[in-house]
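Enquirer: First, the structure itself, so that you have it in front of you.
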Amino acid sequence: MNLLDFIVRIPGYVDRAVIIVLFECLIIHEVARLWNTSYFKQTRKLLLGFIFTFGILFAVIVIKRAYQLIPF
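As structure tokens, this is what we get:
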């Protein structure tokens with residue numbers, strides 16, 4: 015894959031990234047809305063641990079994928 019092919023494919027990658035970011039914003043919004051309910055008071059540490067772990071895993075996958083896409 016040369017640089018021109020990479021530049022042509024960027025819009026597809028941007029579209030996927032925008033969808034992922036919007037989905038994560040929706041999840042964060044719902045968690046913030048439900049944060050003070052009695053159910054979430056019991057499970058806050060578990061939920062924060064899950065979000066933290068998922069965030070690190072997602073970042074590693076994105077970085078690894080980005081390095082595979084760079085043609086030079």
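In case it helps, my numbering puts the sequence shown at residues 15 to 86. Glycine is no exception: its CB is placed at the ideal position from the N, C-alpha and C atoms.
What would DSSP say about Thr57, mapped onto helix, strand or coil?
Expert: Helix.
Enquirer: By the three-class DSSP mapping on this structure, what secondary structure does Thr67 have?
Expert: Note: Thr67 maps to helix in three-state DSSP.
Enquirer: For the putative contact between Val45 and Leu61, defined by C-beta atoms under 8 Å, what is the C-beta separation to the nearest angstrom?
Expert: Rounded, the Cβ-Cβ distance is 7 Å, consistent with contact.
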